[in-house]
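Here is the structure we will look at.
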Amino acid sequence: MKVFLSFFLVLFSVTAAAQTPPTIRFGRGFAAEEQLWLMSVRKDLTPNQGKAYQLNQILFQANPERFQAFIAGELDGGTAPGLAVIFARAQGVDMKIVASICLEASGPGIFTTQYMVKDDGPIKSVKDLKGGTIAVVGIKTATDLWARAGLLNAGLVPDRDTKVVPMGFPVIGDAVRTGKVSAGTFVEPFYSAEKAKGGLRTLFTAVDAIGYEHELLDIFFGEKFLKSNPEAVRAFLSDYVAVTKYYLANTEQAKTDLHKAGFVRTPLPVYLKTSDWKRTPDGRVNVDSLKKLATFMHEKLQWLEKPVNVDAMVDQGYLPR
Amino acid sequence: MSRLLPLAIVLPALIAWELAARSGLWSPLIFPSLVKIFNELVSFFSKSEYLMEAWVSLYRALGGFGLAAAAGVTLGMVMGRSRWAGALLDPLFSGTYAVPKLALFPIFIFVFGIGSLSKVALVFLECLYPIVIVTSQGARGVNRVLLWSAQNMGASAAATLRRVVVPAAAPFIFAGLRVALPIALIVVIITEMVSSADGLGYLVIYSLSSLKTDRMLAVVVVIAAMGWALDKGLVMLRNRLVYWEKLETYYV
Chain Y
0 MKVFLSFFLV LFSVTAAAQT PPTIRFGRGF AAEEQLWLMS VRKDLTPNQG
50 KAYQLNQILF QANPERFQAF IAGELDGGTA PGLAVIFARA QGVDMKIVAS
100 ICLEASGPGI FTTQYMVKDD GPIKSVKDLK GGTIAVVGIK TATDLWARAG
150 LLNAGLVPDR DTKVVPMGFP VIGDAVRTGK VSAGTFVEPF YSAEKAKGGL
200 RTLFTAVDAI GYEHELLDIF FGEKFLKSNP EAVRAFLSDY VAVTKYYLAN
250 TEQAKTDLHK AGFVRTPLPV YLKTSDWKRT PDGRVNVDSL KKLATFMHEK
300 LQWLEKPVNV DAMVDQGYLP R
Chain D
0 MSRLLPLAIV LPALIAWELA ARSGLWSPLI FPSLVKIFNE LVSFFSKSEY
50 LMEAWVSLYR ALGGFGLAAA AGVTLGMVMG RSRWAGALLD PLFSGTYAVP
100 KLALFPIFIF VFGIGSLSKV ALVFLECLYP IVIVTSQGAR GVNRVLLWSA
150 QNMGASAAAT LRRVVVPAAA PFIFAGLRVA LPIALIVVII TEMVSSADGL
200 GYLVIYSLSS LKTDRMLAVV VVIAAMGWAL DKGLVMLRNR LVYWEKLETY
250 YV
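Chains as they are written, first to last, in numbering that gives the first Met the number 0: chain Y, 0 to 320; chain D, 0 to 251.
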């Protein structure tokens, strides 16, 4: 009797394990990733979740920690700025961008990162930043890249002519107002909050600095995970694209759901009013913009010791056709 | 022989590290080999801009530490020798000792700016506590027989302080300074990691952001060496000044 029971128990366990879809351990951030957060909040929008894959989203405050967790084998994929993936690829990390989350672009109703100064201050153009300080959110982040690009465009040498210092988004507004820094980086919802207070004006934007629309945030996966779980990734991206389309068509409802679930701490009325980054409904990656960014990082900023092969870094074959 | 004893721990640790790095079990981005770290170390010392970053961190750390030493020893002596000052200030220092002053750094940035001053001010605050508390204990615990002897021999209050209290409290003063010195270095590095465009902390975060773990660890080795050298210098100074009660460490 005991033998029979044990046999059925083992058989049941093996069958159950075989039926359990793979879990995607996914490192996420805390800004501009609305579609991904919605995948956890509104599972009714993701028909493949629980069947073809399970999603475990893990919050990280910054890219280096997220990448260290990935390199240590604690994550299968995650979100990351395109330039951070370029850095990682330059160091030989086996990761690939598989989809776009949002882009820095300009246009009506589209938000692009702003660099603001005191309205009544002496800085009228980027050239006036000579001898001053510009606050970014982190060293070698996208905000750092745009700041340096803006300075280079104006003929200034970053670090020599203008200091670039890291500072948390919440304090940059007051730092600019009190003159502790000459200019600062502003993203939503801090941009809207500071604009409402008045006294600050935009000096340049991320798109002005770079000169073209470009990838801001992307989804990456480890190459090993892609090879061993292609169907799970396809199903995940199919749901992701469906949720992105839902988000774009029902932004207010989606934002309300995210706020209710605690993914966003900004007061709901403010959050609903803030303009959003450009999101492509099909999740396709602007590969050309990544190539230009990689060239800029290598040639102008000397952030890369050697060029990075961007084509080998992006694989859009897992996105729905 | 005793000076070589720490190598019994350090050498196996280094060998274990190198074996782990070469095992292929971990990514070299997490466990870079000692050879790579050494190469980065050589590169560090061959670049004047890197040495400049070390100097920036050093002067910030020593600036804050020096100010804290001056203020802390004075305050500690006053608290130790004056019952009234002790009753007034003891609860303040004891009650707020555990507060992580680093949490105040954003406020310091607003008051003192992003440059060196905010970092020096925070180093000063962090270092002040151990110096004041340990110095006051030393000043309070001066042997009464020594004090009575000085008074019986007609020593003035100033002479008693200079010839009896300060020498008797000196081992405590240096103990406080030894506790505070590494704190100075740690605080400087952390503040530079949080918000700075220069210094070794900035180099750490810059290397980390580029996923250059070998370079980051080379900077950590430099920081450790600086801490070791500073402590050694302080112990040597202590043993010269407090010659009647020498401190025995493995390196002095």
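Glycine included, every Cβ here is placed at the ideal spot set by N, Cα and C.
Contact under 9 Å by Cβ, residue i with residue j
i	j	result
S56/D	Y49/D	no
E39/D	D213/D	yes
F203/Y	V135/Y	no
A167/D	I130/D	no
V92/Y	S26/D	yes
L145/D	V163/D	yes
A253/Y	R41/Y	yes
I14/D	M166/Y	no
A86/D	L184/D	no
K179/Y	F109/D	yes
V163/Y	I133/Y	yes
L88/D	L74/D	yes
L271/Y	T255/Y	yes
S99/Y	L216/Y	yes
V84/Y	M312/Y	yes
A158/D	A149/D	yes
K305/Y	A89/Y	yes
Continuous alpha helix (DSSP H) stretch holding residue i: start and end
i	result
P20/Y	From DSSP, P20/Y is part of no alpha helix (DSSP H); its letter is neither H nor E.
D287/Y	286 to 294
W302/Y	Careful: W302/Y lies outside any alpha helix (DSSP H) and carries neither H nor E.
E251/Y	250 to 259
V220/D	212 to 240
Y205/D	199 to 208
A61/Y	Unbroken run through A61/Y: none, as it is neither H nor E.
T95/D	82 to 95
E193/Y	189 to 196
P105/D	104 to 111
R147/Y	141 to 152
Nearest candidate by alpha-carbon position, reference residue i, set the options
i	options	result
Q58/Y	Q48/Y, F69/Y, Y52/Y	Per the sequence shown, residue 58/Y should be read as Leu rather than Gln. L58/Y has its Cα closest to that of F69/Y, out of Q48/Y, F69/Y, Y52/Y.
A135/D	L101/D, L176/D, M192/D	For the sequence presented, residue 135/D should be read as Ser rather than Ala. The candidate whose alpha carbon is nearest that of S135/D is L176/D.
F25/Y	Y52/Y, G149/Y, L74/Y, V164/Y	L74/Y
D43/Y	I96/Y, G131/Y, V242/Y, L215/Y	V242/Y
T371/Y	T161/Y, G172/Y, N285/Y, G183/Y	Not covered by the structure: residue 371/Y. The range shown for chain Y is 0 to 320.
Q34/Y	M312/Y, K305/Y, K277/Y, V206/Y	K277/Y
Q113/Y	P46/Y, D173/Y, V186/Y	V186/Y
L216/D	G226/D, W227/D, A228/D, L202/D	L202/D
A205/Y	T111/Y, P80/Y, K259/Y	T111/Y
K194/Y	L37/Y, D118/Y, K129/Y	D118/Y
F339/Y	K244/Y, V84/Y, G77/Y, G28/Y	In the structure as shown, chain Y begins at 0 and stops at 320. Residue 339/Y is therefore absent and cannot be evaluated.
G140/D	I172/D, S115/D, V119/D, A120/D	I172/D
Y239/Y	G49/Y, L37/Y, T140/Y	L37/Y
D173/Y	T201/Y, D158/Y, V116/Y, D217/Y	V116/Y
L199/D	A70/D, R237/D, F92/D, V187/D	V187/D
T19/Y	I218/Y, Q48/Y, A31/Y	Q48/Y
N249/Y	P266/Y, S227/Y, P280/Y	P280/Y
A153/Y	Y190/Y, I122/Y, Q315/Y	I122/Y
D314/Y	P229/Y, L247/Y, A104/Y	P229/Y
G120/Y	T140/Y, R176/Y, L150/Y, N285/Y	R176/Y
S181/Y	Y190/Y, R200/Y, K196/Y	R200/Y
S39/Y	Q53/Y, A30/Y, A31/Y	Q53/Y
L18/D	I8/D, A7/D, F30/D	F30/D
I138/Y	S117/D, R237/D, Y205/D, S155/D	Y205/D
R161/D	P105/D, K211/D, L116/D, R80/D	R80/D
Residue(s) in a DSSP beta bridge with residue i
i	result
P80/Y	L216/Y
P157/Y	T161/Y
F203/Y	Y114/Y
V313/Y	I96/Y
G178/Y	In DSSP, G178/Y forms no bridge with anything.
P109/Y	It is Ile, not Pro, that sits at residue 109/Y in the sequence shown. In DSSP, I109/Y forms a bridge with D275/Y.
G221/Y	M94/Y
Endpoints, beta strand (DSSP E) assigned at residue i
i	result
V97/Y	94 to 103
V163/Y	162 to 165
K117/Y	113 to 117
T184/Y	182 to 185
T132/Y	132 to 135
N55/Y	53 to 58
Of all the alpha helix (DSSP H) runs that stay within the bounds of the segment 19 to 55 of chain D, which reach a length of 4 or more residues?
33 to 45
Report the start-end ranges of each alpha helix (DSSP H) in the segment 24 to 51 of chain Y that is 4 residues or longer and not cut off at the edges.
33 to 40
For the segment 130 to 189 of chain D, which segments carrying the alpha helix (DSSP H) assignment without a break, of at least 4 residues, lie completely within its bounds, in sequence order?
143 to 151, 156 to 159
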